[in-house]
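S.K.: Residue numbers (full-length UniProt numbering): 1 to 235. Glycine included, each C-beta is placed from N, C-alpha and C at the ideal position.
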Amino acid sequence: MEEGDFFNCCFSEISSGMTMNKKKMKKSNNQKRFSEEQIKSLELIFESETRLEPRKKVQVARELGLQPRQVAIWFQNKRARWKTKQLEKEYNTLRANYNNLASQFEIMKKEKQSLVSELQRLNEEMQRPKEEKHHECCGDQGLALSSSTESHNGKSEPEGRLDQGSVLCNDGDYNNNIKTEYFGFEEETDHELMNIVEKADDSCLTSSENWGGFNSDSLLDQSSSNYPNWWEFWS
DNA sequence: GTGTCTTATCTTCTTACCTCA
DNA sequence: GTTGAGGTAAGAAGATAAGAC
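(1) Give me the Cα-Cα distance between Lys-112 and Gln-104, rounded to the nearest whole angstrom.
(2) Check Gln-113 in the structure and name its three-state DSSP category.
(3) Alpha carbon to alpha carbon, what distance is there between Thr-50 and Leu-64?
(4) Cβ atoms of Leu-52 and Phe-34: under 7 angstroms apart, would you say?
(5) Among the candidates Ala-80, Pro-54, Arg-79 and Gln-127, whose CA atom is the shortest distance from the CA of Arg-69?
(6) Quick check on Lys-89: does DSSP put it in helix, strand or coil?
(7) Taking 6 angstroms as the cut-off, is the beta-carbon of Ser-117 closer than that to any non-hydrogen atom of the ligand PLP?
(8) Identify the continuous alpha helix (DSSP H) that holds Ser-35 and give its terminal residues.
(9) Alpha carbon to alpha carbon, how far is Gln-127 from Arg-121? Give it in angstroms, no decimals.
(10) For Ala-96, count the other beta carbons within 10 Å of its own beta carbon; 16 or more makes it buried, fewer makes it exposed. Which is it?
(11) Among residues of its own chain, excluding the 5 on either side of Val-71, which ones have a beta-carbon nearer than 6 angstroms to its beta-carbon?
(12) Should Asn-86 be labelled buried (16 or more other beta-carbon atoms within 10 Å of its own) or exposed?
(13) Pull up the distance between the alpha-carbon of Lys-26 and that of Lys-32, whole angstroms please.
(14) Is the beta carbon of residue 249 sitting closer than 7 angstroms to the one on Phe-46?
(15) Going straight from the alpha carbon of Glu-43 to that of Lys-109, what length do you get?
(16) State the DSSP-derived secondary structure class of Thr-50, mapped to helix, strand or coil.
(17) Within the same chain, show all residues whose beta-carbon is closer than 8 angstroms to that of Ser-41, passing over the 5 residues directly before and after it, in chain order.
(18) Counting C-beta neighbours from all protein chains within 10 Å, is the total for Leu-101 16 or more, i.e. buried, or is it exposed?
(19) Does Leu-115 pass the burial test, meaning 16 or more other C-beta atoms within 10 Å, or should it be called exposed?
(20) With a CB to CB cut of under 8 angstroms and the five nearest residues on each side skipped, what residues in its chain are close to Ser-48?
(21) May I have the straight-line CA-CA distance separating Glu-124 from Tyr-98, to the nearest angstrom?
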């Protein structure tokens, strides 16, 4: 294209814009909508470049029989429409991701609740032998034995009874044995276990408003102090 | 080098009009 | 025939970048 053509086109663009200004939003009757052919060409160009250089704009306008200003406006509107669609797409993607995460969260929440109740059950089971054994082996005699054991601590007592009492009624040892059998660690870890459960309790998981308060790192840190691999703790 | 003005172009919002259900 | 929603070309206003002085 020659330089003269370029300036003529630019001038015609400006003058046509001025005419439009005078008409104050009144549209010309000759061409309200672009033809299919024009739209197709413009779409094609837009696919490769969303902005037109001035020279290219003039060239396209000439090829399609439009004013350069019309081409410019078409590209402006097209960019705006394209952006709206992109935002819509992004929104849908984000919403899908959110729904996915929310359903995963619900599953994990149920899993956690079942684990907590299982833990409580085991804990009660650990407490039960203490009382049962106490009643079973000691009962009323247990009281006597216990008192005799107490007296043993200070003075003399028949050896047989003393051994029986010390073996069957030593709650601490018994519990520790069970804990060791179940979990493979000693008593002080028991407190940590319950601490972890309490930390991860429903306070932060029951409602989505509190999700921000749920810090899985802190949960993991609780166990990582003694157990570098936290999952081993639960296995 | 810096500040100011001009110009072109952009984005965003709005308007006028058309089409279609 | 009327009406309302949605699409589209274009106008208006404000922001911004680039060039000239």
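M.R.: To lay it out plainly:
(1) As a working note, residue 112 is residue 112 in the first sequence. As a working note, residue 104 is residue 104 in the first sequence. Their Cα atoms are separated by approximately 12 angstroms.
(2) To locate residue 113, count along the first sequence from 1; it is residue 113. Helix, per DSSP.
(3) The count along the first sequence starts at 1 and reaches residue 64 at position 64. The count along the first sequence starts at 1 and reaches residue 50 at position 50. Each residue's Cα considered, the two are about 17 angstroms apart.
(4) Working through the first sequence from its first residue, we reach residue 34 at position 34. Working through the first sequence from its first residue, we reach residue 52 at position 52. In this structure, Leu-52 does not lie closer than 7 angstroms to Phe-34 by Cβ.
(5) Taking the first residue of the first sequence as 1, we reach residue 69 at position 69. Of the listed residues, the one whose Cα sits closest to Arg-69 is Pro-54.
(6) Your numbering for residue 89 matches position 89 in the first sequence. The answer is helix: DSSP assigns Lys-89 an H, G or I state.
(7) What this structure holds is no ligand at all, so the ligand PLP is not there to describe.
(8) Along the first sequence, read from residue 1 onward, the residue named residue 35 stands at position 35. Unbroken run through Ser-35: none, as it is neither H nor E.
(9) Within the first sequence, residue 121 is the residue found at index 121, counting from 1. Within the first sequence, residue 127 is the residue found at index 127, counting from 1. Taking the straight line joining both Cα atoms gives about 10 angstroms.
(10) Translated into positions along the first sequence, residue 96 becomes position 96. It is exposed - the Cβ of Ala-96 has fewer than 16 other Cβ atoms within 10 Å.
(11) Translated into positions along the first sequence, residue 71 becomes position 71. Closer than 6 angstroms at Cβ, skipping near neighbours: Lys-57, Val-60 and Ala-61.
(12) The residue labelled residue 86 in the question sits at position 86 within the first sequence. A small fix is needed here, since residue 86 is Gln in this sequence, not Asn. Classification of Gln-86: exposed, given that the 10 Å Cβ count is below 16.
(13) Residue mapping note: residue 26 aligns to position 26 of the first sequence, counting from 1. Residue mapping note: residue 32 aligns to position 32 of the first sequence, counting from 1. Because the pLDDT at Lys-26 is just 45, under 50, the model does not fix this residue reliably, and the value given afterwards should be weighed accordingly. Straight-line Cα distance between these residues: approximately 11 angstroms.
(14) Because the chain is modelled from 1 through 235, residue 249 falls outside the range shown and cannot be assessed.
(15) The residue labelled residue 43 in the question sits at position 43 within the first sequence. The residue labelled residue 109 in the question sits at position 109 within the first sequence. Distance between the alpha carbons of Glu-43 and Lys-109 is about 49 angstroms.
(16) Your numbering for residue 50 matches position 50 in the first sequence. Thr-50: coil per DSSP, three-state reduction.
(17) Within the first sequence, the letter at position 41 stands for residue 41. Excluding sequence neighbours, Ser-41 sits near Val-60, Glu-63 and Leu-64.
(18) By one-based count along the first sequence, residue 101 stands at place 101. Label assigned to Leu-101: exposed.
(19) Walking along the first sequence from the start, residue 115 turns up at place 115. Flag for Leu-115 reads exposed.
(20) The count along the first sequence starts at 1 and reaches residue 48 at position 48. None.
(21) Here residue 124 corresponds to residue number 124 of the first sequence, with the count starting at 1. Here residue 98 corresponds to residue number 98 of the first sequence, with the count starting at 1. Roughly 39 angstroms between the two C-alpha positions.
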